Amino acid sequence: MASIKNYLLTITKQSTDRGQKLLLVLGVGTGATAIFALFLAIAFPALQRQLESPLDLMFSILGYLLLFVCVMAMAFLAARGIFIQFVQRMYNLDAEEATGLVNRIIGGLPEKPPFSPVIAVRQGHIMDNAPNVLRKVGGPGFLSVGHENAVVLSRGGILVKVLGPGWYRLEAFEKVWRVVDLRTQRREITVETNTRDGIPITCQAEIRFHVDNGANTAHALPFTEVSKKSVFQLATNIVALAPGGLEEERTAMKLIAGGKLDGQIRNWIEQYRLDELFSPQREIPVIVELQAAVTDATIRAGREWGLQVEQVEIKSLLPSGELISEQWFEMWRSEWDYLANKEKAVAKAEGTEIVKMARLQAQTQLVDNLIRQLKKIAPEDRQISPALVHLRFLDVVRSLAESDPLVRSTMFKEAQGLGNIIEMLQSLPALDSE
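Our numbering numbers the first residue of the sequence shown as 1001 and each following residue consecutively.
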């Protein structure tokens, strides 16, 4: 069966236009004429001996010629019928489809409208109204590839062409092997996995990508050599699945979301505990680090498969609260209580130190300013009355209170020792000396 098919491919390898078909017919006619001439050359001496007149000889030759033409016509019709039956049974076609296919192989395709049959590719797949014979067997026929679509053609089990948007003629037994959608693709996935401490968590993610065309935009035209290479990569990077499932195969466009992105998110989440994922103490949130990491890995994988990743977005990262036991809550609560108490202790210690330093500073400023005021009035009256000292002290407190609120709050706390300060200042020898 394979040898017969290869033979048919060999004899139909020529173009399907009428010019080359006419040359084929002329070649066959010339060969038949040569065979008939050879037959006459062999039979002519015997005929000449049997027939007396030239007229009888001419009629005999014409009779043999007519017989030869009839035999050749019958042989051609018989071969055509055998070919039709072979194609019909091999590709499981009905009689009309098989007859039309053989007629197109022999006679070629029409050069003027209406063009028929036509197989159309739109929105990433072959249209439902495409002729069955072009789906199963292939050309001769016509191919219409819509905007933002590309196809890979095969012939005899061999991939022969990569075509972008346009109108094409299909050669004999040339058919659409794979369709690639050039539009920007958007996929949303839901990843359900566990954290390092065994807590179920759900992540919602979205990815946008398109076929790599060597540019930063997802335009289908012009269909460049980079686009052809990317389409061929996407058409051949296919994972076959075990029979019996919902899908028989997965293309790179499905693997980039359901395989690569899904796996990257799982691997990242499984490195953290639940409280680490949602810790407010991190300078960079985990979800931001997660998006950056999976975006970089997905872009690299897409480039190897002929895809250009536009965007990866982590939409949500949520734990399954109903599945978290009370023991985990108690453990996390105790850890967070410990951290909170530790922070409070540090803050309290820092606050106490600040108040202490402010108090010392206030006391120092108070004494310095009060001594300065007393030195100003000492020459006028060497005997300083307690009332005057009180007034000067209040002036000092008022001036310091206007400069620093923290000093002000500690100043009035020191007012209770005002009497002691006055007694200390009055006993200073420097005042008596002045």
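Every residue gets a Cβ at the ideal spot worked out from N, C-alpha and C, and that includes glycine.
Since this is a predicted model, take the numbers as computed values, not measurements.
Closest option to GLU1304, judged by alpha-carbon separation, among GLU1289, ASP1275, GLU1276 and PHE1232: PHE1232.
Residues of the same chain with a CB within less than 6 Å of the CB of ILE1314, apart from the 5 flanking positions on each side, are ALA1205, ILE1287, LEU1290 and GLN1291 in chain order. DSSP lists no bridge partner for LEU1077. DSSP, reduced to helix, strand and coil, places PHE1278 outside both helices and strands of the structure shown, so it counts as coil.
Residue burial annotation: SER1227 is buried, with at least 16 other C-beta atoms found within 10 angstroms of its C-beta. CA-CA distance, VAL1180 to THR1099, rounds to 31 Å. DSSP places GLN1233 in no beta strand (DSSP E) but in the uninterrupted alpha helix (DSSP H) bounded by 1225-1236. Rounded to the nearest whole angstrom, the C-alpha separation of VAL1102 and ILE1084 is 6 Å. Across the set LEU1317, ARG1080, LYS1254 and GLU1283, the C-alpha of LEU1317 shows the shortest separation from the C-alpha of ARG1266. In this structure, the CA atom of SER1279 is about 16 Å from the CA atom of GLU1270. Annotated three-state conformation of ASN1092 is coil, per DSSP.
Non-local beta-carbon contacts of LYS1136 in its own chain, meaning distances under 6 Å to residues more than five positions away in sequence, involve TYR1091 in chain order. When the alpha-carbon of ASP1275 is set against those of GLY1156, ILE1256 and ASP1197, the nearest one is in ASP1197.
Our two residues, CYS1203 and HIS1210, have alpha carbons roughly 23 Å apart in a direct line. DSSP, reduced to helix, strand and coil, places ALA1252 within a helical segment of the structure shown. Here DSSP, grouped into helix, strand and coil, assigns ALA1098 to helix. Only exposed fits TRP1167, as fewer than 16 other CB atoms lie within 10 angstroms of its CB.
For ALA1293, there is no enclosing beta strand (DSSP E); the enclosing alpha helix (DSSP H) covers residues 1286-1305. Boundaries of the beta strand (DSSP E) around VAL1211: 1200-1211. According to DSSP, GLY1141 shares a beta bridge with LEU1170.
The beta carbons of ALA1172 and PRO1140 sit closer together than 8 Å.
A distance below 8 Å separates the beta carbons of ILE1256 and LEU1307. Beta bridge pairing from DSSP links ASP1262 with no other residue.
When only Cα atoms are considered, ARG1250 and ARG1122 end up about 20 Å apart.
In the three-state scheme derived from DSSP, where H, G and I count as helix and E and B as strand, ARG1273 is classed as coil.
Listed in chain order, the non-local C-beta contacts of VAL1160 below 8 Å within the same chain comprise LEU1153, SER1154 and GLU1174, local neighbours out to five positions each way being set aside. Cβ-Cβ distances below 7 Å link ALA1301 to ILE1256 and LYS1260 in the same chain, with the five nearest sequence neighbours on each side left out; the list follows chain order. DSSP lists ASP1181 as the bridge partner or partners of ASN1149.
The Cβ atoms of ASP1262 and VAL1191 sit closer than 8 Å to each other.
The Cβ neighbour count for MET1074, taken over all protein chains shown within 10 Å, is under 16; the residue is labelled exposed.
Leaving aside the five residues that flank VAL1294 on each side, the residues in its chain whose CB is nearer than 8 Å to its CB run, in chain order, ALA1205, LEU1261, GLN1264, ILE1265, TRP1268, VAL1312 and ILE1314.
If the five residues before and after THR1224 are omitted, its C-beta is found closer than 8 Å to the C-beta atoms of ASN1213 and GLY1214, all from its own chain and listed in chain order. Residue range 1158-1163 is occupied by the beta strand (DSSP E) that includes LEU1163. A residue is called buried once 16 or more other Cβ atoms fall within 10 Å of its Cβ, and SER1116, having fewer, is exposed. Just so you know, the alpha carbons of THR1298 and LEU1182 end up roughly 19 Å apart. Its chain contains LEU1093, ALA1098, LEU1101, VAL1102 and VAL1137 as the residues whose beta carbon lies nearer than 8 Å to that of VAL1087, once the 5 sequence neighbours on both sides are disregarded; these appear in chain order.
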